[in-house]
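Numbered according to UniProt numbering, the sequence shown spans residues 1 to 369.
All residues carry an ideal CB built from backbone N, CA and C; glycine is no exception.
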Amino acid sequence: MELIGGCYEQILFGFAVRPAENWAVVPDFTHHAHSASLSAVAVNDRYVVTGSRDETMQIYDLKKRVEHGALLQHNGTISCLEFYGKTHLLSGAEDGLICIWNTKKWECLKSIKAHRGHVTSLSIHPSGRLALSVGTDRTLRTWNLVEGRSAFIKNLKQNAHLVKWSPSGELYVVVIANKVDIYKLETAAVSGTIVTEKRVSSVRFITDCILAIAGDEEFVRLFDCESQNCLCEYKAHENRIKDIHSFEREGLHVLVTASSDGYIKMWSLDPDKIKSSPSLLCEVNTKARLTCLAVWLKSDSEAKQTSTEVKASSSQSTIEVGEEPLIKKKKICWTNSDKTAEGDGQGASKKLKSTNLQQKKKKILQRLK
Numbered sequence: 001m002e003l004i005g006g007c008y009e010q011i012l013f014g015f016a017v018r019p020a021e022n023w024a025v026v027p028d029f030t031h032h033a034h035s036a037s038l039s040a041v042a043v044n045d046r047y048v049v050t051g052s053r054d055e056t057m058q059i060y061d062l063k064k065r066v067e068h069g070a071l072l073q074h075n076g077t078i079s080c081l082e083f084y085g086k087t088h089l090l091s092g093a094e095d096g097l098i099c100i101w102n103t104k105k106w107e108c109l110k111s112i113k114a115h116r117g118h119v120t121s122l123s124i125h126p127s128g129r130l131a132l133s134v135g136t137d138r139t140l141r142t143w144n145l146v147e148g149r150s151a152f153i154k155n156l157k158q159n160a161h162l163v164k165w166s167p168s169g170e171l172y173v174v175v176i177a178n179k180v181d182i183y184k185l186e187t188a189a190v191s192g193t194i195v196t197e198k199r200v201s202s203v204r205f206i207t208d209c210i211l212a213i214a215g216d217e218e219f220v221r222l223f224d225c226e227s228q229n230c231l232c233e234y235k236a237h238e239n240r241i242k243d244i245h246s247f248e249r250e251g252l253h254v255l256v257t258a259s260s261d262g263y264i265k266m267w268s269l270d271p272d273k274i275k276s277s278p279s280l281l282c283e284v285n286t287k288a289r290l291t292c293l294a295v296w297l298k299s300d301s302e303a304k305q306t307s308t309e310v311k312a313s314s315s316q317s318t319i320e321v322g323e324e325p326l327i328k329k330k331k332i333c334w335t336n337s338d339k340t341a342e343g344d345g346q347g348a349s350k351k352l353k354s355t356n357l358q359q360k361k362k363k364i365l366q367r368l369k
């Protein structure tokens, strides 16, 4: 298990965590990743991808411990990154684009002009069929990833900066400033609203019913999604919390928090005793102003995440076995075939040129005859 953190100082941190040894934290690596502050980080079972204000994405192979390359598709600050399983990555940026990447060849399969303004957040449904995105054009957009098109656009009164699916995909939340709207997938309507005192910087589903919220203050609050009541509140840091992450290991729910005070902390949660304050498992001081956080779990046998990202990973592993009909029946928008059909159009233009040349040759031969 490894804690991955990015900061304003352009550094990427890695800390190995050893649960068998009383959750001991050991510094693993530090890397000067970008020429500007880090704005996003995402991991799957092998790679770490970082996004920055320098408009680039850097790839690192955690198994081989080497730099793997850079992605230069965007022309703006990278605002959000999310893996879907082992083979695909979605990225959003301030240029308004959402890019879909094949993580085997690391090529951009599709680039979508998603918003008229910045893309501020995106989230992939656990099935891989849908994605949500929000931007500075005051819209919440639903994307049909099977057909590769926009499925629905909902106008918002204000700009939203966060969107997140629940682990089951039955709920999703949209965050606007200090307000968290809870939506049901069946009705696509707001079923409840949570209002906090200060701006919300991060949300994470612990379970389908429990939502962790952190923001521009030192506290983490756990809410019931059905009643919108605060179940628990505890002081996690001495400064504002920038990002939170959660996973489950051998029945133990763990919440990880990163703050501007430089600390990354791991907390033990008991969903059956959720009203009691979580216990601190371990902490590490990076001595940097942290901006983003991720947790690398080395294998599914060691741990399983309860977050949406790893629910998607399990769905993707089903696809690879060949039991999931998503790719069997319909072409998902990030396949290679769709890249040729809906990408930059180079394949189609080459075919058109070859057809025109053949027609010209036929006309010349007819004239000679």
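Continuous beta strand (DSSP E) stretch holding residue 170: start and end: No beta strand (DSSP E) contains residue 170, which DSSP labels as neither H nor E.
Entirely enclosed beta strand (DSSP E) segments - the segment 42 to 70, minimum 3 residues: Counting only runs of 3 or more residues that sit fully inside the segment 42 to 70, the beta strand (DSSP E) segments are 47 to 52 and 57 to 61, in chain order.
Ranges of the beta strand (DSSP E) found wholly within the segment 232 to 277, counting only runs of at least 3: Runs of beta strand (DSSP E) with 3 or more residues, each lying fully within the segment 232 to 277, are found at 241 to 249, 252 to 259 and 263 to 269, listed in chain order.
Three-way DSSP call (helix, strand, coil) for residue 20 in this model: Annotated three-state conformation of residue 20 is helix, per DSSP.
Close-in-space but distant-in-sequence residues of the same chain around residue 134 (CB under 6 Å, 5 per side omitted): So the list reads 120, 121, 140, 160 and 163, once near-sequence residues are dropped.
Residue 142, enclosing beta strand (DSSP E) - first and last residue: Residue 142 -> beta strand (DSSP E) spans 139 to 144.
DSSP-derived helix/strand/coil call for residue 84: Assigned with DSSP and collapsed to three states, residue 84 falls in strand.
Of the residues 221, 71, 208 and 239, the one placed nearest residue 194, counting alpha carbons only: Of the candidates 221, 71, 208 and 239, the one whose C-alpha sits nearest the C-alpha of residue 194 is 221.
Residues bridged to residue 296 (per DSSP): 2.
Simplified DSSP assignment, three categories, for residue 35: Under the three-state reduction of DSSP output, residue 35 falls in the coil class, being neither helix nor strand.
Any chain B beta carbon closer than 8 Å to residue 39: Among the chains of the structure shown, chain B does not appear; only one protein chain is present.
Other residues of its chain near residue 388: CB distance less than 6 Å, five sequence neighbours each side excluded: Outside the displayed span of the chain (1 to 369) sits residue 388, for which this structure offers no information.
Residue 272 versus residue 41 - alpha carbon distance: Cα to Cα, residue 272 sits roughly 31 Å from residue 41.
Beta-carbon contacts of residue 117 that lie in its chain and below 7 Å, excluding the five residues immediately before and after: Closer than 7 Å at the Cβ level, and outside the excluded window around residue 117, lie 96, 135, 136 and 137.
Reduced DSSP category for residue 206 - H, G, I as helix; E, B as strand; rest coil: It is coil, neither helix nor strand.
Assumed close pair residue 251, residue 228 - CB separation to whole angstroms, cut-off 8 Å: Their Cβ separation, rounded to whole angstroms, is 27 Å, which puts residue 251 and residue 228 out of contact at 8 Å.
Span separating the alpha-carbon of residue 123 from that of residue 246: In this model, residue 123 and residue 246 are separated by some 16 Å (Cα to Cα).
The beta strand (DSSP E) enclosing residue 183, as first and last residue numbers: Where residue 183 is concerned, the enclosing beta strand (DSSP E) stretches over 179 to 184.
Buried versus exposed, by CB contacts within 10 Å (16 or more), residue 280: Counting Cβ neighbours within 10 Å, residue 280 comes out exposed, since fewer than 16 surround it.
Cut-off 6 Å between Cβ atoms - residues of its own chain near residue 2, not counting five sequence neighbours on either side: Exclusion of the five residues before and after residue 2 leaves 14, 16 and 296 as the residues of its chain whose Cβ lies within less than 6 Å of its Cβ.
Selection from 126, 73, 188 and 169 that minimises the alpha carbon distance to residue 56: Of 126, 73, 188 and 169, the residue nearest in Cα terms is 73.
Exposed unless 16 or more other CB atoms sit within 10 angstroms - verdict on residue 94: Answer is buried; the Cβ neighbour count reaches 16.
Euclidean distance between Cα positions of residue 87 and residue 103: Residue 87 and residue 103: Cα-Cα distance of roughly 5 Å.
Separation of residue 148 from residue 259, as counted between CA atoms: The straight-line gap separating the alpha-carbon atoms of residue 259 and residue 148 is approximately 37 Å.
Status (buried if at least 16 other CB within 10 Å, exposed otherwise) for residue 152: With fewer than 16 other Cβ atoms from the protein chains shown falling within 10 Å of its own Cβ, residue 152 counts as exposed.
Residue 284 versus 52, 256, 166 and 278, residue with shortest Cα-Cα distance: With distances taken between Cα atoms, residue 284 lies closest to 256.
The ligand GDP heavy atom lying under 7 Å from the CB of residue 168: No copy of the ligand GDP occurs in the structure displayed, which carries no ligand at all.
For residue 156, the residue or residues it bridges with in DSSP: Paired residues: none, contrary to the question.
Identity of the residues DSSP links to residue 101 by a beta bridge: 89 and 108, per the DSSP bridge assignment.
Alpha carbon of residue 292 to alpha carbon of residue 187, nearest angstrom: Using only the alpha carbons, I get a separation of about 32 Å.
Nearest residue (CA-CA) to residue 67, options 19, 212 and 30: The shortest C-alpha separation from residue 67 is found at 30.
Pick from 275, 254, 181 and 99 that is closest to residue 269, judged by C-alpha positions: The shortest CA-to-CA distance from residue 269 to any of 275, 254, 181 and 99 is the one to 254.
Beta-carbon spacing of residue 132, residue 142 below 8 Å: Residue 132 places its beta carbon less than 8 Å from that of residue 142.
Rounded separation between residue 206 and residue 181 - CA only: So the alpha carbons of these two residues sit roughly 17 Å apart.
Beta-carbon proximity of residue 78 to residue 70, cut-off 8 Å: Result no, Cβ atoms of residue 78 and residue 70 do not sit closer than 8 Å.
Straight-line gap, residue 244 to residue 213 (C-alpha atoms, nearest Å): Their backbone Cα atoms lie some 8 Å apart in a straight line.
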